[in-house]
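J.: The opening residue of the sequence shown carries number 1 in full-length UniProt numbering; numbering runs sequentially from there.
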Amino acid sequence: MSRAPDTWILTADCPSVLGTVDAVTRFLFEQGCYVTEHHSFDDRLSGRFFIRVEFRQPDGFDEQSFRAGLQERGEAFGMIFELTAPNYRPKVVIMVSKADHCLNDLLYRQRIGQLSMDVAAVVSNHPDLKPLADWHQIPYHHFPLDPNDKPSQERQVWQVIEECGAELVILARYMQVLSPELCRKLDGKAINIHHSLLPGFKGAKPYHQAYNKGVKLVGATAHYINNDLDEGPIIAQGVEAVDHSHYPEDLIAKGRDIEGLTLARAVGYHIERRVFLNANRTVVL
1 MSRAPDTWIL
11 TADCPSVLGT
21 VDAVTRFLFE
31 QGCYVTEHHS
41 FDDRLSGRFF
51 IRVEFRQPDG
61 FDEQSFRAGL
71 QERGEAFGMI
81 FELTAPNYRP
91 KVVIMVSKAD
101 HCLNDLLYRQ
111 RIGQLSMDVA
121 AVVSNHPDLK
131 PLADWHQIPY
141 HHFPLDPNDK
151 PSQERQVWQV
161 IEECGAELVI
171 LARYMQVLSP
181 ELCRKLDGKA
191 INIHHSLLPG
201 FKGAKPYHQA
211 YNKGVKLVGA
221 TAHYINNDLD
231 EGPIIAQGVE
241 AVDHSHYPED
251 LIAKGRDIEG
261 LTLARAVGYH
271 IERRVFLNAN
281 RTVVL
(Lines of atoms letter the chains of each structure in order from A; the text may use other names.)
(Lines give C-alpha, C1' and ligand atoms only; values in the text may rest on other atoms or scores of the structure.)
Protein backbone atom coordinates (compact mmCIF):
# COMPACT_ATOMS: atom_id res chain seq x y z
CA MET A 1 0.00 0.00 0.00
CA SER A 2 1.11 3.58 -0.56
CA ARG A 3 0.97 6.49 1.80
CA ALA A 4 -1.70 9.16 1.40
CA PRO A 5 -0.18 12.55 0.57
CA ASP A 6 -2.00 14.43 3.36
CA THR A 7 -1.17 12.20 6.32
CA TRP A 8 1.42 12.40 9.07
CA ILE A 9 3.33 9.28 10.08
CA LEU A 10 3.97 8.45 13.72
CA THR A 11 6.35 5.57 14.44
CA ALA A 12 7.41 4.45 17.88
CA ASP A 13 8.98 1.57 19.75
CA CYS A 14 9.46 0.74 23.41
CA PRO A 15 9.68 -2.17 25.83
CA SER A 16 6.65 -4.47 25.88
CA VAL A 17 4.52 -3.12 28.74
CA LEU A 18 0.80 -2.85 29.34
CA GLY A 19 -0.87 0.20 27.79
CA THR A 20 1.44 0.94 24.88
CA VAL A 21 -1.29 0.92 22.21
CA ASP A 22 -3.57 3.02 24.38
CA ALA A 23 -0.80 5.54 25.08
CA VAL A 24 -0.47 6.30 21.36
CA THR A 25 -4.05 6.02 20.13
CA ARG A 26 -5.59 7.84 23.10
CA PHE A 27 -3.12 10.70 22.65
CA LEU A 28 -4.06 10.98 18.98
CA PHE A 29 -7.76 11.00 19.91
CA GLU A 30 -7.20 13.71 22.50
CA GLN A 31 -5.38 15.81 19.90
CA GLY A 32 -8.27 15.46 17.44
CA CYS A 33 -6.20 13.46 14.94
CA TYR A 34 -8.02 11.05 12.60
CA VAL A 35 -6.21 7.71 12.23
CA THR A 36 -6.21 6.42 8.64
CA GLU A 37 -3.83 3.46 9.09
CA HIS A 38 -2.58 1.61 12.15
CA HIS A 39 -0.21 -1.34 12.54
CA SER A 40 1.57 -2.64 15.61
CA PHE A 41 3.64 -5.65 16.58
CA ASP A 42 4.82 -6.99 19.90
CA ASP A 43 7.91 -9.17 19.70
CA ARG A 44 7.54 -11.60 22.57
CA LEU A 45 11.10 -12.89 22.13
CA SER A 46 12.87 -9.55 22.34
CA GLY A 47 10.27 -7.94 24.58
CA ARG A 48 9.90 -4.93 22.31
CA PHE A 49 6.80 -3.21 20.95
CA PHE A 50 6.54 -1.43 17.59
CA ILE A 51 3.78 0.79 16.23
CA ARG A 52 3.17 2.82 13.05
CA VAL A 53 0.20 5.15 12.65
CA GLU A 54 -0.85 7.44 9.81
CA PHE A 55 -3.20 10.26 10.73
CA ARG A 56 -4.75 13.44 9.42
CA GLN A 57 -4.17 16.60 11.42
CA PRO A 58 -7.03 18.71 12.80
CA ASP A 59 -7.38 22.41 12.13
CA GLY A 60 -4.91 24.44 14.16
CA PHE A 61 -2.47 21.52 14.48
CA ASP A 62 0.75 22.60 16.23
CA GLU A 63 3.63 20.21 15.53
CA GLN A 64 5.85 21.48 18.33
CA SER A 65 3.09 21.16 20.91
CA PHE A 66 2.18 17.72 19.57
CA ARG A 67 5.76 16.49 19.90
CA ALA A 68 6.09 17.84 23.43
CA GLY A 69 2.85 16.21 24.52
CA LEU A 70 3.73 12.85 23.00
CA GLN A 71 7.19 13.01 24.54
CA GLU A 72 5.64 13.49 27.97
CA ARG A 73 3.09 10.72 27.41
CA GLY A 74 5.69 8.26 26.15
CA GLU A 75 8.26 8.78 28.91
CA ALA A 76 6.51 6.36 31.23
CA PHE A 77 6.89 3.64 28.60
CA GLY A 78 10.46 4.37 27.55
CA MET A 79 9.03 5.16 24.13
CA ILE A 80 11.17 6.41 21.25
CA PHE A 81 9.10 8.04 18.52
CA GLU A 82 9.51 9.73 15.16
CA LEU A 83 7.05 12.07 13.46
CA THR A 84 7.08 12.50 9.69
CA ALA A 85 5.24 15.34 7.99
CA PRO A 86 2.99 15.02 4.91
CA ASN A 87 4.73 15.12 1.53
CA TYR A 88 8.06 14.23 3.15
CA ARG A 89 10.64 13.38 0.47
CA PRO A 90 14.04 12.19 1.69
CA LYS A 91 17.16 13.00 -0.28
CA VAL A 92 18.79 9.88 -1.70
CA VAL A 93 22.15 8.95 -3.22
CA ILE A 94 22.21 5.92 -5.51
CA MET A 95 25.44 3.94 -5.99
CA VAL A 96 25.90 1.86 -9.14
CA SER A 97 28.56 0.07 -11.18
CA LYS A 98 27.71 -1.02 -14.74
CA ALA A 99 24.31 -2.76 -14.49
CA ASP A 100 21.53 -0.27 -15.19
CA HIS A 101 18.28 -2.13 -14.49
CA CYS A 102 17.88 -1.20 -10.82
CA LEU A 103 18.93 2.42 -11.34
CA ASN A 104 16.58 2.80 -14.28
CA ASP A 105 13.71 1.30 -12.32
CA LEU A 106 14.26 3.55 -9.28
CA LEU A 107 14.51 6.71 -11.37
CA TYR A 108 11.35 5.78 -13.27
CA ARG A 109 9.41 5.15 -10.07
CA GLN A 110 10.61 8.47 -8.69
CA ARG A 111 9.58 10.26 -11.88
CA ILE A 112 6.02 8.91 -11.86
CA GLY A 113 5.64 9.57 -8.13
CA GLN A 114 5.55 5.97 -6.96
CA LEU A 115 8.62 6.52 -4.78
CA SER A 116 8.41 9.80 -2.90
CA MET A 117 12.10 10.64 -2.80
CA ASP A 118 14.54 13.07 -4.37
CA VAL A 119 17.61 11.44 -5.90
CA ALA A 120 20.29 14.03 -5.24
CA ALA A 121 23.16 12.21 -6.95
CA VAL A 122 24.29 9.01 -8.60
CA VAL A 123 27.75 7.74 -7.64
CA SER A 124 29.67 5.09 -9.55
CA ASN A 125 33.06 3.48 -9.90
CA HIS A 126 32.46 3.37 -13.69
CA PRO A 127 31.38 6.04 -16.21
CA ASP A 128 28.91 3.79 -18.07
CA LEU A 129 25.60 5.00 -16.60
CA LYS A 130 26.22 8.73 -16.81
CA PRO A 131 23.90 9.15 -19.85
CA LEU A 132 21.02 7.66 -17.86
CA ALA A 133 21.59 10.05 -14.95
CA ASP A 134 22.03 12.98 -17.36
CA TRP A 135 18.68 12.19 -19.01
CA HIS A 136 17.03 12.49 -15.59
CA GLN A 137 19.05 15.67 -14.88
CA ILE A 138 20.69 14.13 -11.84
CA PRO A 139 24.38 14.82 -11.01
CA TYR A 140 26.63 11.85 -11.77
CA HIS A 141 29.89 11.35 -9.89
CA HIS A 142 32.43 8.95 -11.35
CA PHE A 143 35.02 7.92 -8.79
CA PRO A 144 37.33 5.24 -10.25
CA LEU A 145 38.49 2.68 -7.74
CA ASP A 146 42.20 2.26 -7.15
CA PRO A 147 42.69 -1.21 -5.60
CA ASN A 148 45.71 0.17 -3.76
CA ASP A 149 43.86 3.16 -2.31
CA LYS A 150 40.24 2.29 -1.66
CA PRO A 151 39.88 4.72 1.30
CA SER A 152 40.52 7.66 -1.02
CA GLN A 153 37.60 6.67 -3.25
CA GLU A 154 35.31 6.15 -0.27
CA ARG A 155 36.18 9.58 1.10
CA GLN A 156 34.92 11.07 -2.17
CA VAL A 157 31.74 9.01 -1.93
CA TRP A 158 31.13 10.11 1.65
CA GLN A 159 31.71 13.76 0.73
CA VAL A 160 28.93 13.55 -1.88
CA ILE A 161 26.58 11.91 0.63
CA GLU A 162 27.24 14.61 3.20
CA GLU A 163 27.05 17.52 0.76
CA CYS A 164 23.74 16.21 -0.63
CA GLY A 165 22.30 15.82 2.83
CA ALA A 166 21.25 12.31 1.84
CA GLU A 167 19.22 10.39 4.39
CA LEU A 168 19.34 7.16 2.41
CA VAL A 169 21.96 5.50 0.21
CA ILE A 170 20.81 2.82 -2.24
CA LEU A 171 23.32 0.31 -3.57
CA ALA A 172 21.64 -0.48 -6.88
CA ARG A 173 24.00 -3.27 -7.96
CA TYR A 174 27.09 -1.46 -6.78
CA MET A 175 29.65 -4.22 -7.19
CA GLN A 176 32.13 -3.21 -4.51
CA VAL A 177 32.39 -4.20 -0.86
CA LEU A 178 32.21 -1.16 1.40
CA SER A 179 34.79 -0.73 4.13
CA PRO A 180 33.87 -1.29 7.79
CA GLU A 181 34.24 2.46 8.39
CA LEU A 182 31.74 3.41 5.68
CA CYS A 183 29.39 0.64 6.77
CA ARG A 184 29.36 2.10 10.27
CA LYS A 185 28.59 5.57 8.94
CA LEU A 186 25.70 4.20 6.88
CA ASP A 187 24.29 1.90 9.55
CA GLY A 188 20.52 1.73 9.08
CA LYS A 189 20.70 4.23 6.22
CA ALA A 190 21.91 2.15 3.25
CA ILE A 191 19.98 -0.54 1.35
CA ASN A 192 21.64 -3.13 -0.85
CA ILE A 193 20.09 -5.51 -3.38
CA HIS A 194 21.54 -9.01 -3.48
CA HIS A 195 21.19 -11.20 -6.54
CA SER A 196 19.68 -14.20 -4.74
CA LEU A 197 17.73 -15.29 -1.73
CA LEU A 198 19.99 -15.13 1.28
CA PRO A 199 21.72 -17.30 2.20
CA GLY A 200 22.47 -18.27 -1.36
CA PHE A 201 25.07 -18.69 -4.06
CA LYS A 202 27.94 -16.32 -3.34
CA GLY A 203 30.83 -15.30 -5.51
CA ALA A 204 31.12 -15.12 -9.29
CA LYS A 205 28.34 -16.11 -11.71
CA PRO A 206 25.62 -16.83 -9.15
CA TYR A 207 23.04 -17.68 -11.79
CA HIS A 208 25.39 -20.18 -13.41
CA GLN A 209 25.92 -21.76 -10.01
CA ALA A 210 22.16 -21.93 -9.58
CA TYR A 211 21.75 -23.48 -13.03
CA ASN A 212 24.36 -26.11 -12.31
CA LYS A 213 22.50 -27.04 -9.13
CA GLY A 214 19.18 -27.27 -10.96
CA VAL A 215 17.42 -24.71 -8.78
CA LYS A 216 13.64 -24.39 -8.91
CA LEU A 217 13.46 -20.87 -7.46
CA VAL A 218 15.32 -17.66 -8.18
CA GLY A 219 15.05 -14.54 -6.12
CA ALA A 220 16.55 -11.38 -4.72
CA THR A 221 17.08 -9.93 -1.25
CA ALA A 222 17.06 -6.27 -0.22
CA HIS A 223 18.77 -5.62 3.09
CA TYR A 224 20.46 -2.95 5.14
CA ILE A 225 24.22 -3.09 4.86
CA ASN A 226 26.52 -3.88 7.74
CA ASN A 227 30.09 -5.02 8.18
CA ASP A 228 29.12 -8.67 7.62
CA LEU A 229 29.03 -9.13 3.86
CA ASP A 230 25.44 -9.71 2.66
CA GLU A 231 24.26 -10.48 6.18
CA GLY A 232 22.55 -7.22 7.12
CA PRO A 233 18.93 -7.04 8.33
CA ILE A 234 16.59 -8.16 5.54
CA ILE A 235 13.83 -5.77 4.45
CA ALA A 236 12.24 -7.55 1.48
CA GLN A 237 12.70 -10.63 -0.68
CA GLY A 238 11.30 -11.63 -4.06
CA VAL A 239 11.06 -15.06 -5.61
CA GLU A 240 9.92 -16.72 -8.84
CA ALA A 241 9.67 -20.36 -9.86
CA VAL A 242 11.87 -21.74 -12.65
CA ASP A 243 12.46 -25.18 -14.06
CA HIS A 244 14.84 -27.28 -16.16
CA SER A 245 14.03 -25.30 -19.32
CA HIS A 246 15.58 -22.11 -17.96
CA TYR A 247 19.15 -21.60 -19.12
CA PRO A 248 21.58 -19.21 -17.34
CA GLU A 249 20.56 -16.30 -19.58
CA ASP A 250 16.90 -16.93 -18.70
CA LEU A 251 17.72 -16.92 -15.00
CA ILE A 252 19.64 -13.67 -15.41
CA ALA A 253 16.68 -12.04 -17.15
CA LYS A 254 14.27 -13.16 -14.46
CA GLY A 255 16.75 -12.08 -11.82
CA ARG A 256 16.90 -8.54 -13.20
CA ASP A 257 13.13 -8.17 -12.91
CA ILE A 258 13.02 -9.56 -9.38
CA GLU A 259 15.95 -7.41 -8.25
CA GLY A 260 14.32 -4.22 -9.51
CA LEU A 261 10.95 -4.97 -7.93
CA THR A 262 12.39 -6.15 -4.61
CA LEU A 263 14.71 -3.16 -4.27
CA ALA A 264 11.90 -0.72 -5.07
CA ARG A 265 9.67 -2.40 -2.50
CA ALA A 266 12.35 -2.14 0.18
CA VAL A 267 13.05 1.51 -0.62
CA GLY A 268 9.33 2.24 -0.45
CA TYR A 269 9.06 0.59 2.95
CA HIS A 270 12.01 2.63 4.22
CA ILE A 271 10.88 6.05 3.03
CA GLU A 272 7.34 5.42 4.30
CA ARG A 273 8.79 4.67 7.75
CA ARG A 274 7.55 1.08 7.73
CA VAL A 275 10.85 -0.55 8.73
CA PHE A 276 12.02 -0.91 12.33
CA LEU A 277 15.40 -2.38 13.21
CA ASN A 278 15.10 -5.05 15.87
CA ALA A 279 18.66 -6.27 16.59
CA ASN A 280 19.75 -8.01 13.34
CA ARG A 281 16.18 -8.40 12.13
CA THR A 282 13.56 -6.01 10.82
CA VAL A 283 9.93 -5.41 11.63
CA VAL A 284 8.04 -4.15 8.56
CA LEU A 285 4.63 -2.63 9.32
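Glycine included, every Cβ here is placed at the ideal spot set by N, Cα and C.
All values derive from a computational prediction rather than experimental measurement.
For G47, which residues in the same chain have their Cβ closer than 7 Å to its Cβ, ignoring the five residues on either side in sequence?
T.: Within the same chain, G47 has close Cβ partners P15 and S16.
J.: Give the range of the beta strand (DSSP E) segment to which P15 is assigned.
T.: Residues W8 to P15.
J.: So the alpha helix (DSSP H) H208 belongs to, where does it begin and stop?
T.: Run containing H208: P206 to N212, per the alpha helix (DSSP H) assignment.
J.: Compare the C-alpha of R67 against each of A133, L10 and V96 and name the closest.
T.: If we check each option's Cα against that of R67, L10 comes out closest.
J.: For F50, list the residues DSSP reports as bridge partners.
T.: F50 pairs with D13 and F41.
J.: For the stretch 67-121, which segments carrying the alpha helix (DSSP H) assignment without a break, of at least 4 residues, lie completely within its bounds, in sequence order?
T.: Runs found: 101-111.
J.: Taking just the CA atoms, how far does L129 sit from D100?
T.: Cα to Cα, the separation comes out at about 7 Å.
J.: So, with DSSP's three-state summary, where would you put L263?
T.: L263 falls in the helix class under three-state DSSP.
J.: Between the alpha carbons of L261 and Y269, how many angstroms are there, rounded?
T.: For L261 and Y269, the distance between alpha carbons rounds to 12 Å.
J.: Would H195 and A220 qualify as a contact pair, given that the criterion is a beta-carbon distance under 9 Å?
T.: Cβ atoms of H195 and A220: closer than 9 Å.
J.: So what's F29 in DSSP terms, helix, strand or just coil?
T.: It is helical.
J.: What whole-angstrom Cβ distance do I170 and V92 have, given they're in contact under 8 Å?
T.: Rounded, the Cβ-Cβ distance is 6 Å, consistent with contact.
J.: What are the start and end residues of the beta strand (DSSP E) that includes A190?
T.: First-last of the beta strand (DSSP E) with A190: A190 to H194.
J.: Are there three or more Cβ pairs, one per stretch, closer than 8 Å when the stretch 43-63 is compared with the stretch 139-153?
T.: With the cut-off at 8 Å, the stretch 43-63 and the stretch 139-153 do not touch.
J.: I need the straight-line Cα distance from G238 to A264, nearest angstrom please.
T.: About 11 Å.
J.: Thinking C-beta only, is G74 closer than 9 Å to G31?
T.: According to the sequence displayed, residue 31 carries Gln and not Gly. No; because the gap between Cβ atoms is not below 9 Å, this pair is not in contact.
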